[in-house]
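The numbering used here numbers the first residue of the sequence shown as 327 and each following residue consecutively.
The beta carbon of each residue, even a glycine, is placed where N, CA and C say it ideally should be.
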Amino acid sequence: MNLRIDAARLLSRLEELGRIGSTGDGGCARLALSDEDREGRDLVVTWMRDLGLDVQVDAIGNVVARREGREPGPPVMCGSHIDTVATGGRYDGNLGVLAGLEVLETLATHDVVPRRAMAVAFFTDEEGARFAPDMLGSLVYAGGMAVEEAYDLVSIDGARLGDELARIGYLGGLPCPGLVPHAYVELHIEQGPVLERHDEVIGAVTGVQGISWQEVRFGGQFNHAGTTPMAYRRDAGLAAASVAVAARSIARELGGHQVATVGKLDLHPDLVNVVAGQAILTVDLRNTEGDVLVEAERRMSREIDRIASEEQVTVERRQLARFDPVRFDDRIVGLVEKTAHAHGHPVRRLPSGAGHDAQMLARLCPSGMIFVPSAGGISHNPAEHTSPEHIEAGANVLLDVLLTLAEEDVLT
Ligand code: HGY
Ligand code: MN
Ligand code: MN
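This is the structure in structure tokens:
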């Protein structure tokens, strides 16, 4: 069947959704469960309902829109997220949701009713930037965290997740864990430089690297920046800066896929003439190899202890997220690759450096991802961009992969 999506409709919806929470520089900010997130959710739900899909909201605010097939049974699911980071682009997450909606609209427009039902979902708080951990909604959907525990998570701005969910009107009735799909496929921008560097159009994603997030709090002594001799200082700011330097050294020593980031750093009182008595920072460590990630965590912990002891500051740690590396279903990876070839697109197998909802759905059913290139490998940045041609290519590969899964007998 040579069905193809309506690229103009998909691009126009990406544009319209990108205007919600616009940061005025091409990007958008829709932190999870914020008013902007609600506005974005409402727009996408309207499009889903206008298409006549059966739209359900579950207890953690995940939204699943379903179109029945010829036979009863679990759907082939696609989707992603529409929450963004504060310096978000227009494509991270949004592309997977709107391309999934576009696939269902293309089928409806051409009166194509596949054997299996198909569903497109957006999951709550994929970014984890406001409420850690990341991939929270899909983690609860997959049974990886009880919804009651998720309700009590507190955001970086002091809000309780359950209260925010109710406030924006997305505390749904559908219980979690969610229905187990027949299979799950997520279209997403690569957010890295690999496809572009090799002039490839499609990525057949083999899996997602392991993720370790922790919050570190140093307690030193507030003091006068002018009168306190250096030898008398217990400078939490220096300790925090030393952790950032240590994180970079650990990544360099381990090499390979190891990455390390101190992305959030708050000093108190954060004033020019006061030695910081408190520092709160985050450390993000990732690796495709589970055992190397454990070694990176071990070295980081040892360095934090050394730094605290040398600066004579107290230290407290809190794990914010910890997910082992995930491998996607070989058959789906192969299907993505085969479909890309059939569409005439150069394709490469590669792991994902970023976390994705697909890594949680992989706990429930055969799952996989399709990547399209990110211009300059940039993401979590208003300059995030994927060309219309690559968006169209990715959405059409998604269409055919989903149709294949919706028509096949069983996943062998
Ligand atoms: O942090 C991540 O990998 C994703 O953007 N949540
Ligand atoms: Mn994403
Ligand atoms: Mn992201």
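Please confirm if the region 699 to 717 is in contact with the region 549 to 561, defined as three or more CB-CB distances below 8 Å between the two stretches.
At 8 Å Cβ cutoff, the stretches do not touch.
Identify whether residue 551 lies in helix, strand or coil by the three-state DSSP scheme.
In the sequence shown, the residue the question calls residue 551 occupies position 225. It is coil, neither helix nor strand.
Apart from the five residues on each side of it in sequence, which residues of its chain come closer than 8 Å, Cβ to Cβ, to residue 707?
Stepping through the sequence shown from its first residue, residue 707 is reached at position 381. Around residue 707: 353, 413 and 415.
Work out the CA separation of residue 597 and residue 285 for me, nearest whole Å.
Absent from the structure is residue 285, since the part of the chain shown begins at 327 and ends at 738.
Do the region 343 to 363 and the region 433 to 448 touch if we need at least three Cβ pairs shorter than 8 Å?
No, the region 343 to 363 is not in contact with the region 433 to 448.
For ligand 2, is there any heavy atom lying closer than 8 Å to the beta carbon of residue 545?
Taking the sequence shown and counting its residues from 1, the one referred to as residue 545 is at position 219. No, Cβ of residue 545 sits at least 8 Å from all heavy atoms of ligand 2.
Which residues are close to ligand 2, meaning CB closer than 5 Å to any heavy atom, in chain order?
After applying the 5 Å Cβ criterion, the set is 418 and 419.
With the cut-off set at 9 Å, would you say residue 455 and residue 411 are in Cβ contact?
Taking the sequence shown and counting its residues from 1, the one referred to as residue 455 is at position 129. Taking the sequence shown and counting its residues from 1, the one referred to as residue 411 is at position 85. Result yes, Cβ atoms of residue 455 and residue 411 sit closer than 9 Å.
Please list, in chain order, all residues of the same chain as residue 686 whose beta carbon is under 6 Å from its beta carbon, the five residues on each side excluded.
The count along the sequence shown starts at 1 and reaches residue 686 at position 360. Answer for residue 686: 461, 464, 465 and 468, listed in chain order.
Per DSSP, what kind of secondary structure is residue 585 in: helix, strand or coil?
Translated into positions along the sequence shown, residue 585 becomes position 259. Here residue 585 sits in strand by DSSP.
Below 8 Å, how does it come out for the region 481 to 499 and the region 647 to 665: are there three or more Cβ pairs, yes or no?
The region 481 to 499 is not in contact with the region 647 to 665.
Flag this pair as touching only if the region 509 to 529 and the region 672 to 679 have three or more C-beta atom pairs under 8 Å; answer yes or no.
Yes: at least three Cβ pairs fall under 8 Å.
For residue 497, which residues in the same chain have their Cβ closer than 6 Å to its Cβ, ignoring the five residues on either side in sequence?
Locating residue 497 in the sequence shown gives position 171, counting from the first residue. 491.
Could you spell out where the beta strand (DSSP E) holding residue 606 opens and where it closes?
By 1-based counting over the sequence shown, the position of residue 606 is 280. 604 to 613 is the extent of the beta strand (DSSP E) around residue 606.
Contact between the region 495 to 513 and the region 687 to 699: three or more CB pairs below 8 Å?
At 8 Å Cβ cutoff, the stretches touch.
Hey, is residue 682 close to ligand 1, as in C-beta under 8 Å from one of its heavy atoms?
Along the sequence shown, one-based indexing puts residue 682 at 356. Checking the Cβ of residue 682 against ligand 1 gives yes.
Mind checking whether the beta-carbon of residue 535 lies closer than 8 Å to any heavy atom of ligand 3?
Residue numbering aside, residue 535 sits at position 209 when the sequence shown is read from its first letter. Because no heavy atom of ligand 3 lies under 8 Å away, the Cβ of residue 535 does not count as near it: no.
Taking the alpha helix (DSSP H) that residue 347 belongs to, which residues open and close that run?
For the purposes of this step, residue 347 is taken as the residue at position 21 of the sequence shown. Run containing residue 347: none; DSSP gives neither H nor E here.
Below 8 Å, how does it come out for the region 626 to 634 and the region 587 to 596: are there three or more Cβ pairs, yes or no?
Cβ pair count under 8 Å is below three, so no.
Quick one, which of 394, 421 and 573 has its alpha-carbon nearest residue 341's?
Reading the sequence shown from its first residue, position 15 is the one you call residue 341. That would be 421, whose Cα lies nearest to the Cα of residue 341.
Could you give the residue range of the alpha helix (DSSP H) that holds residue 728?
Along the sequence shown, one-based indexing puts residue 728 at 402. Counting along the chain, the alpha helix (DSSP H) containing residue 728 begins and ends at 714 to 733.
Any beta-carbon of chain D closer than 9 Å to the one on residue 590?
Considering every chain present, this structure includes no chain D. It has just one protein chain.
If you drop the 5 nearest sequence neighbours on each side, which residues of the same chain put their C-beta closer than 8 Å to that of residue 339?
Along the sequence shown, read from residue 1 onward, the residue named residue 339 stands at position 13. So the list reads 373, 424, 427 and 428, once near-sequence residues are dropped.
Hey, out of 335, 369 and 334, whose CA is closest to residue 347's CA?
Your numbering for residue 347 matches position 21 in the sequence shown. Taking only the C-alpha atoms, the option nearest residue 347 is 369.
Would you call the region 611 to 628 and the region 574 to 585 touching, i.e. three or more CB-CB distances under 8 Å?
Yes, since at least three Cβ pairs between the region 611 to 628 and the region 574 to 585 fall closer than 8 Å, the two stretches touch.
Between the C-alpha atoms of residue 470 and residue 545, what's the straight-line distance to the nearest angstrom?
For the purposes of this step, residue 470 is identified with residue 144 of the sequence shown, where counting begins at 1. For the purposes of this step, residue 545 is identified with residue 219 of the sequence shown, where counting begins at 1. Each residue's alpha carbon lies about 33 Å from the other.
Quick one: is the Cβ of residue 460 within less than 8 Å of any heavy atom of ligand 1?
Your numbering for residue 460 matches position 134 in the sequence shown. Checking the Cβ of residue 460 against ligand 1 gives yes.
Could you have a look at residue 627 and say whether DSSP puts it in helix, strand or coil?
Residue numbering aside, residue 627 sits at position 301 when the sequence shown is read from its first letter. Residue 627: helix per DSSP, three-state reduction.
Across which residues does DSSP place residue 393 in a beta bridge pair?
Here residue 393 is taken as the residue at index 67 of the sequence shown, counted from 1. Residue 393 is bridged to 444.
Give the list of continuous beta strand (DSSP E) stretches no shorter than 3 residues that lie fully inside the region 506 to 535.
Entirely contained in the region 506 to 535, the beta strand (DSSP E) runs reaching 3 residues are, in chain order, 509 to 515 and 528 to 534.
Report the option in 600, 371 and 522 whose CA atom is closest to the CA atom of residue 553.
Numbered from its first residue, the sequence shown carries residue 553 at position 227. Ranking 600, 371 and 522 by Cα distance to residue 553 puts 600 first.
Quick check: is any heavy atom of ligand 4 less than 8 Å from the C-beta of residue 454?
Ligand 4 is not among the ligands present in this structure, which contains only ligand 1, ligand 2 and ligand 3.
For residue 391, which residues from the same chain have a beta carbon less than 6 Å from its beta carbon, with the 5 sequence-adjacent residues on both sides left out?
As a first step, residue 391 is located in the sequence shown; it is residue number 65 there, counting from the start. 374, 379, 381 and 446, listed in sequence order.
Who are the Cβ neighbours of residue 549 in its own chain at under 6 Å, not counting the five residues just before and after it?
By 1-based counting over the sequence shown, the position of residue 549 is 223. If we look at residue 549 and ignore the five residues flanking it on each side, its Cβ neighbours are 601.
Tell me which residues share the same chain as residue 393 and place their Cβ nearer than 6 Å to its Cβ, disregarding the 5 neighbours each side in the sequence.
The residue given as residue 393 occupies position 67 in the sequence shown. 379, 430 and 444, listed in sequence order.
So, for residue 478: in the same chain, excluding its five sequence neighbours on each side, which residues have a beta-carbon less than 8 Å away from its beta-carbon?
By one-based count along the sequence shown, residue 478 stands at place 152. Excluding sequence neighbours, residue 478 sits near 486, 487 and 488.
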